[in-house]
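Student: Protein sequences appear in the order of chains A and B.
Under numbering that gives the first Met the number 0, the first residue of the first sequence is numbered 0, with each subsequent residue one higher.
Under numbering that gives the first Met the number 0, the first residue of the second sequence is numbered 0, with each subsequent residue one higher.
Quick reminder that beta carbons are idealized off the backbone N, C-alpha and C, glycines included.
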Amino acid sequence: MTDYSELTTRDAYGQMLVELGKDNHNIVVLDADVSRSTMTKYFAAAYPDRFIECGLAEQNMVSIAAGLASCGKISFVSTFAVFASCRCFDQVRMCVAQPNTNVKIVATHGGITVGEDGSSHQAIEDLALYCSLPNFSVIVPADSIETAAVIKAVTDTVGPFYVRLARSKTPVIYGAGCDFKVGKASLLLDGSDATIIATGMLVSTALAAAKSLAGEGIRCRVLNMSTLKPIDREAIIAAASRTGAVVTAEEHLLHGGLGSIVAQVLSTSHPVPLESLGINDHYCKSGKPEELLAMNGLAASDIEQAVRAAIKRK
Amino acid sequence: MADNIQELEATARKLRRHVITMISDAGSGHPGGSLSAADIVTALYFKIMRHDPKNPHWPDRDRFVLSKGHAAPVLYAALAECGYFPMEWLSTLRKTGTCLQGHTDSLLTPGVDVSAGSLGQGLSFAIGIALAARMDNKDYRTYVLLGDGECDEGQIWEAAMFAPNNKLDNLTVFVDYNGLQLDGFTKNIMSLEPFKDKWRSFNWEVLEINGHDMRQILSSVEKAKKLRGKPVVIIAHTVKGKGVSFMENNVDYHGKAPNKAETEIALRELA
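#1: Threshold first: 3 residues or longer. Then list the beta strand (DSSP E) segments lying entirely within the region 100-142 of chain A, N to C.
#2: Considering only the alpha carbon of each residue, which of 32(B), 12(B), 10(B) lies closest to residue 235(B)?
#3: Indicate whether residue 207(A) and residue 299(A) have their beta-carbon atoms separated by less than 8 Å.
#4: Compare the C-beta of residue 85(A) against all C-beta atoms of chain B and say whether one is closer than 8 Å.
#5: What do you get for residue 85(B), buried or exposed, if any count of 16 or more other CB atoms within 10 angstroms of its CB means buried?
#6: Helix, strand or coil for residue 250(A) per DSSP?
#7: Short of 8 Å in beta carbon distance, which residues of its chain neighbour residue 123(B), apart from the five on each side in sequence? Order them along the chain.
#8: So with CB distances below 7 Å, who are the chain D contacts of residue 51(A)?
#9: Please report the Cβ distance between residue 138(A) and residue 162(A), rounded to the nearest whole angstrom; I am assuming they are in contact, meaning their Cβ atoms lie under 8 Å.
#10: Who are the near neighbours of residue 73(A) in its chain, counting only those whose CB is closer than 8 Å to its CB and skipping five residues on each side?
#11: So is residue 161(B) in contact with chain A if we call contact Cβ pairs under 8 Å?
#12: With a cut-off of 8 Å, does the C-beta of residue 127(B) fall near any C-beta of chain A?
#13: Starting from residue 219(A), trace the beta strand (DSSP E) in both directions and tell me its first and last residue.
#14: Could you tell me the alpha carbon to alpha carbon distance between residue 92(B) and residue 112(B), rounded to whole angstroms?
#15: Relative to the C-alpha of residue 289(A), which candidate in 169(A), 192(A), 313(A) has its C-alpha closest?
#16: Checking contacts by CB at 8 Å: is residue 70(A) closer than that to chain B?
#17: Quick one: is residue 284(A) buried, meaning 16 or more other Cβ sit within 10 Å of its Cβ, or exposed?
#18: Buried or exposed, going by whether 16 or more other CB atoms sit within 10 Å of the CB of residue 146(A)?
#19: Measure from the C-beta of residue 188(A) to each C-beta in chain B and report whether the shortest distance is under 8 Å.
#20: Give the straight-line distance between the Cα atoms of residue 136(A) and residue 229(A), rounded to the nearest whole angstrom.
#21: Can you give me the C-alpha to C-alpha distance between residue 169(B) and residue 223(B), rounded to a whole angstrom?
#22: Since residue 21(A) is in the alpha helix (DSSP H), which residue starts that stretch and which ends it?
#23: From this set, 206(B), 88(B), 18(B), 9(B), which residue's C-alpha is nearest residue 246(B)'s C-alpha?
#24: Taking just the CA atoms, how far does residue 144(B) sit from residue 266(B)?
#25: Would you say residue 312(A) lies against chain B (beta-carbon separation less than 8 Å)?
#26: Can you confirm whether residue 200(B), when its beta carbon is compared against all beta carbons of chain A, has any partner nearer than 8 Å?
#27: Enumerate in chain order the residues of its own chain whose CB-to-CB distance from residue 43(A) is below 8 Å, with the five nearest sequence positions on each side excluded.
#28: Under DSSP, the beta strand (DSSP E) around residue 143(B) begins and ends at which residues?
#29: Which residue marks the beginning of the alpha helix (DSSP H) containing residue 158(B), and which one marks its end?
#30: Skipping 5 residues on each side, what residues in its chain have a beta carbon closer than 8 Å to that of residue 46(B)?
#31: In this structure, how does DSSP classify residue 163(A) when only helix, strand and coil are distinguished?
#32: Name the two residues that bound the continuous alpha helix (DSSP H) containing residue 110(B).
#33: What does residue 173(B) touch in chain A if you count any residue whose Cβ is under 9 Å from its own?
#34: According to DSSP, is residue 39(A) helix, strand or coil?
#35: Can residue 239(A) and residue 257(A) be called in contact, C-beta distance under 8 Å?
#36: With 8 Å as the threshold, decide whether the Cβ of residue 302(A) is near any Cβ in chain B.
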């Protein structure tokens, strides 16, 4: 049995595919010449007949995956998040979203923590794009253990999914196990002064910020919003009504991601002060992941400051 | 055989009449590309393909991927004539609440496997179907109809590289080479030539036929079925607007419905 806590999210994905592929022969995996990075290489080695190397042709890959799904296959499509979103968006729209085919786009190297490769490789628009598509569900797991649970869940749930994974190692949140359900936020910490809602890599940062704020006597509720679509409205509204202030944090543009979605829910259902942390309408540069996060206001100290600001506005 | 050919030709004329009536009724649509493809579609649905209109999801059926989704009317006409849905549906084309969308929608129309309309994607989708057949040890075949203008799209050539690399000999592609696209003659907008050489250099088996000659259509598919180890592309030379004098080779009828008087003339010519 694989110990997922030791893995990156992409490694967890690769290993879980092998585990699921053993009994579920309908699983097919497609990659566009990056299987050694997305970690679908494990599946390719284990089940070569169900692995399809598409070369550097993402548009072709997505449409092929849909054709396979139309014949009863569960198609997993992997490449880097920038290419999985921007390069083949029309193919995803026409072949997957509109006809509601059973295709799972699992993209690695999401967000700015891809780091040194620079803006061409930093996916900061992918969540907005995928959340805009009818029929799609969109998930960003917080760690490797949740990733394994997510991959199992999307395999068992018919329909289109976009799952965004990271390049670098993500701190373990779910050491004690993960009860992931599509569309359900996970309450990691309870508190009554403010709520921090985070997704992906920023969940562990949110927990660190909450811990630090507790030292000041500020008690935060922390929600891991791994499913961005369908959004868990109840969890957001419950958090807002209990804590009266909300902060969101994500490794994505402020427009169209977690912050926008939470703002929409709050403004229509339960308005409370909201502070959103994310990338503010610009492309980032090469650099170390932690430095890029800090430069973009996504360090734990930035979350702490946002919490104080939100509470002040109550 | 001769009787059969004549029957098929009569069916193709019937499909063309449906196309004219449907588009005229709808007040919009793309007659030219439906008329150029009518003989190929007829051959596929009334002679070549293994399919069962009573069981549109039959797993062993041959598949047809209409990649040039704007030729939906001729496909709908064929499906109705086969009995996939009532003939009365044809008069609902493009109207609010219809199951016959302006471009194909796999969720709405019995017998339609692929949503199309954004060009260049059908060949890739068909490759997925052909790969599934191989994985499942099934002997169904996959047929694709591409437009010539559609071959401007880069994805066609991604797919063109993929299929021979994967030795997909259960895949047969028709190109409806009618020489016209929305803005004008293909040779002026974006010449495809040397077209045959392009496919051949991508390692396809290339056949060239008159896409309005029923015998040539049937014999080219017979050849394609026998060939092992590579996919086949059949470059079908056709006439856009075929069968209606004022529509033939007339770019205006790429995407324009005939008015009442034109419809009467067209139906008379196709009688």
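Tutor: Once the coordinates are examined:
#1: 102-107, 136-138
#2: 32(B)
#3: yes
#4: no
#5: exposed
#6: strand
#7: 154, 157, 158, 161
#8: No chain D appears in the structure shown, which is made up of the protein chains A and B.
#9: 5 Å
#10: 23, 25, 26, 27, 101, 103, 154
#11: yes
#12: yes
#13: 219-223
#14: 18 Å
#15: 169(A)
#16: yes
#17: exposed
#18: buried
#19: no
#20: 6 Å
#21: 9 Å
#22: 8-22
#23: 18(B)
#24: 25 Å
#25: no
#26: no
#27: 28, 30, 34, 50, 52
#28: 141-146
#29: 153-164
#30: 3, 7, 217
#31: strand
#32: Segment: none, residue 110(B) is in no alpha helix (DSSP H) and carries neither H nor E.
#33: Simply none; closest approach about 17 Å.
#34: coil
#35: no
#36: no
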